[in-house]
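Structure, as structure tokens:
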Amino acid sequence: MKHAALFTPIDMGRITLKNRIVLPPLTRQRSAQPGDIATDLMATYYRQRAGAGFMVSEGTQIEPRGQGYAWTPGIYSQAQIDGWRKVTEAVHAEDGVIFAQLWHVGRVSHNALQPDGQAPVAPSAIQAQKVKAFIQTGPGVGELVQPSLPRALELAEIRDLVGQYAQAARNAIDAGFDGVEIHAANGYLVNQFISAHSNQRDDVYGGSLENRLRFLREIVDAVAAAVGADRLGVRFTPLFTGTDQDRVYIGLVEEDPHTTYIEAIKVLEAAGVAYVSIAEADWDNAPDLPESFRRDVRANFSGKILYAGRYTAERGERLIEAGLADLIAFGRPFIANPDLPERIANGWPLNPLDPATVYGGAEKGLTDYPTYSD
Numbered sequence: 079m080k081h082a083a084l085f086t087p088i089d090m091g092r093i094t095l096k097n098r099i100v101l102p103p104l105t106r107q108r109s110a111q112p113g114d115i116a117t118d119l120m121a122t123y124y125r126q127r128a129g130a131g132f133m134v135s136e137g138t139q140i141e142p143r144g145q146g147y148a149w150t151p152g153i154y155s156q157a158q159i160d161g162w163r164k165v166t167e168a169v170h171a172e173d174g175v176i177f178a179q180l181w182h183v184g185r186v187s188h189n190a191l192q193p194d195g196q197a198p199v200a201p202s203a204i205q206a207q208k209v210k211a212f213i214q215t216g217p218g219v220g221e222l223v224q225p226s227l228p229r230a231l232e233l234a235e236i237r238d239l240v241g242q243y244a245q246a247a248r249n250a251i252d253a254g255f256d257g258v259e260i261h262a263a264n265g266y267l268v269n270q271f272i273s274a275h276s277n278q279r280d281d282v283y284g285g286s287l288e289n290r291l292r293f294l295r296e297i298v299d300a301v302a303a304a305v306g307a308d309r310l311g312v313r314f315t316p317l318f319t320g321t322d323q324d325r326v327y328i329g330l331v332e333e334d335p336h337t338t339y340i341e342a343i344k345v346l347e348a349a350g351v352a353y354v355s356i357a358e359a360d361w362d363n364a365p366d367l368p369e370s371f372r373r374d375v376r377a378n379f380s381g382k383i384l385y386a387g388r389y390t391a392e393r394g395e396r397l398i399e400a401g402l403a404d405l406i407a408f409g410r411p412f413i414a415n416p417d418l419p420e421r422i423a424n425g426w427p428l429n430p431l432d433p434a435t436v437y438g439g440a441e442k443g444l445t446d447y448p449t450y451s452d
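Following our numbering, the numbering of the sequence shown begins with 79 at its first residue and continues without gaps.
Right, here's the structure in full:
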């Protein structure tokens with residue numbers, strides 16, 4: 079077997095994973111309309127990839143205001159819970175493990191996606207830049223648009239949102255998911271509270287780093303109380319450099335990203351969460367994450383550490399062997415190769431990804447990639 083370090087079992091919370099290879103959350107925009115409901119086709123997609131140690135679902139919005147892209151699924155209605163149950167049953171039939179990613183985009187949205195055409199919500203009324211929302215302009219067609227100017231959340235609304243994260247976690251467990259991941263990355267709502275760029279509040283949720291981490295802390299504690307810290311992960315994007323490219327959102331570079339995210343990870347450690355997922359810069363020729371940061375993550379977090387960001391099997395194995403990672407996520411290769419773990423283990427060649435079919439559509443580019451055959 080090639081890359082043996084990727085194929086040793088590992089305990090994560092209450093689950094034993096069969097390998098270290100992870101399908102990360104990947105937006106596919108194929109939920110049923112109306113209602114943003116997971117479909118049989120989505121169940122097939124995840125079932126095909128159940129050879130992963132575990133999978134994290136595409137981001138699933140916790141409430142109607144949490145949507146920033148047309149056709150992404152939700153997890154707040156009974157129909158949505160029932161739709162996701164078909165997915166989890168298909169995965170479990172293949173002895174797979176799947177977590178739900180709990181998502182709220184905050185200001186990375188548009189009036190056209192919001193209930194009654196209202197403004198998106200955010201920590202502060204600051205418009206998102208260098209990022210697009212995606213709205214439907216007709217049946218099955220849409221366009222990328224500049225996010226609308228958000229309005230600042232009231233204190234009572236923030237506390238209500240904490241409760242909505244906890245309820246979404248309960249919904250996910252009801253739908254059969256093995257656990258949940260809080261999306262605190264990529265410039266979305268939780269990241270907006272963490273970032274000094276997007277959070278200019280002067281109350282208990284703004285100002286100092288401790289205050290900017292309060293929303294994260296309250297959500298982590300509420301979700302852990304609802305479903306168990308051992309069924310909880312959190313995703314961050316601790317970027318150390320930025321890009322001027324106008325593209326799908328990556329996140330925000332803080333003045334001191336090392337301190338910001340080590341303090342955020344200490345929040346997770348205090349709660350005893352099962353894993354932290356760190357999504358690295360994924361644009362062409364992006365610099366690697368500093369090793370000093372990786373070492374500090376390991377020193378301050380006793381749960382499992384997952385890295386994602388254009389990893390090869392070789393690079394992921396080196397990080398595991400160095401003791402700096404426990405799990406490695408493969409995004410684009412797993413879209414194009416439903417049998418990716420087998421291909422890695424045997425050194426088989428990979429199918430190329432078709433970028434034109436990543437978002438939206440039907441089975442083409444979702445469930446029609448072939449498994450390997452001689």
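No residue lacks a Cβ here, since even glycine has one placed at the ideal position from N, Cα and C.
Query, Result
"Through-space distance from F212 to Y450, alpha-carbon basis", "34 Å"
"Enclosing beta strand (DSSP E) for F212 [first to last residue]", "211 to 216"
"Proximal residues to Y123 (C-beta, below 6 Å), its chain only, five neighbours per side dropped", "L444, T445"
"Q139, DSSP secondary structure in three states", "strand"
"Cα-Cα separation, Q205 to I340", "27 Å"
"Inter-stretch contact (C-beta, 8 Å, three-pair minimum) for the segment 160 to 167 and the segment 192 to 210", "no"
"Closest Cα partner of V183 within the set T215, F177, G146", "G146"
"C-alpha distance - P335 paired with N264, whole-angstrom precision", "14 Å"
"Entirely enclosed beta strand (DSSP E) segments - the segment 132 to 181, minimum 3 residues", "132 to 139, 176 to 181"
"G329 in three-state terms, based on DSSP", "coil"
"Sequence-distant residues of its chain with Cβ nearer than 6 Å to I99 (five each side left out)", "L84, A130, G131, P419"
"Separation of S370 from I115, as counted between CA atoms", "42 Å"
"Length-filtered (4 minimum) alpha helix (DSSP H) runs lying within the segment 327 to 383", "335 to 349, 369 to 378"
"Cβ distance (whole Å) where P201 is taken to contact A230 below 8 Å", "7 Å"
"Nearest neighbour of A377, chosen from A121, K344, N249 [CA to CA]", "K344"
"Bounding residues of the beta strand (DSSP E) (the contiguous stretch that carries R313)", "310 to 314"
"L431 to E232 span [Cα, whole Å]", "43 Å"
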